[in-house]
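**Q**
In UniProt numbering, the protein residues as written are 1 to 171.
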């Protein structure tokens, strides 16, 4: 098969498309540190358009505000790499796309940008579901360590794909 992306990523994306198709659910993404990598993996799968509504690549804080409706107050209070921002991104992607499930990814892929509190390799995920109460939050923070920029982004993409499953289980 002629793949543009790593086989492990495309295999995981195929499982997400097949599982959500079987469940009759649509999905969307809000990506920051992965820069569209998860969306690219999903669209490697033929027929993904009947499941994948779309993705928002919101790399800057301004784009998080404009495209997803993340509030400036939340960004300034918690920082871009936080559960509060990831949750706001996921809700914004779900509401704007109309998808049943939306997952957001925000993190520090490096090599710069880390701090003692949030080192390089810190990635935050959140999942929003259509019709779920506002306080029903599924979110997680991962510390991938120093895997290099590409390694961090790949691991973040794989985690995001797991969260897009109808019944996710974080590895």
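For each residue, glycine too, the CB sits at the ideal point set by N, CA and C.
Determine the direct distance from the alpha carbon of residue 44 to that of residue 2, and round the result to whole angstroms.
**A** Rounded to the nearest angstrom, the two C-alpha atoms are 10 Å apart.
**Q** State yes or no: is the C-beta of residue 132 within less than 7 Å of the C-beta of residue 104?
**A** Not in contact: residue 132 and residue 104 (Cβ atoms no closer than 7 Å).
**Q** Hey, which unbroken runs of the alpha helix (DSSP H) at 4 residues or more fall wholly within the UniProt domain "CinA C-terminal" (12-165)?
**A** 37-43, 61-68, 72-78, 83-97 and 148-163, all fully within the UniProt domain "CinA C-terminal" (12-165).
**Q** Can you tell me whether residue 7 is helix, strand or coil according to DSSP?
**A** Residue state, collapsed to three classes: helix.
**Q** Where does residue 82 land, buried or exposed, given buried means 16+ other C-beta within 10 angstroms?
**A** Classification for residue 82: buried.
**Q** What does the Cβ neighbour count give for residue 71, buried or exposed, with the cut at 16 atoms within 10 Å?
**A** Residue 71 is exposed by the Cβ-count criterion.
**Q** Tell me which same chain residues have a C-beta within less than 6 Å of the C-beta of residue 114, skipping the five on either side of it?
**A** Closer than 6 Å at the Cβ level, and outside the excluded window around residue 114, lie 108 and 120.
**Q** Count the other CB atoms, across all protein chains shown, that sit within 10 Å of the CB of residue 168; report buried if there are 16 or more and exposed otherwise.
**A** Classification of residue 168: buried, given that the 10 Å Cβ count is 16 or more.
**Q** Just the C-alpha distance for residue 96 and residue 112, rounded to the nearest angstrom, thanks.
**A** For residue 96 and residue 112, the distance between alpha carbons rounds to 32 Å.
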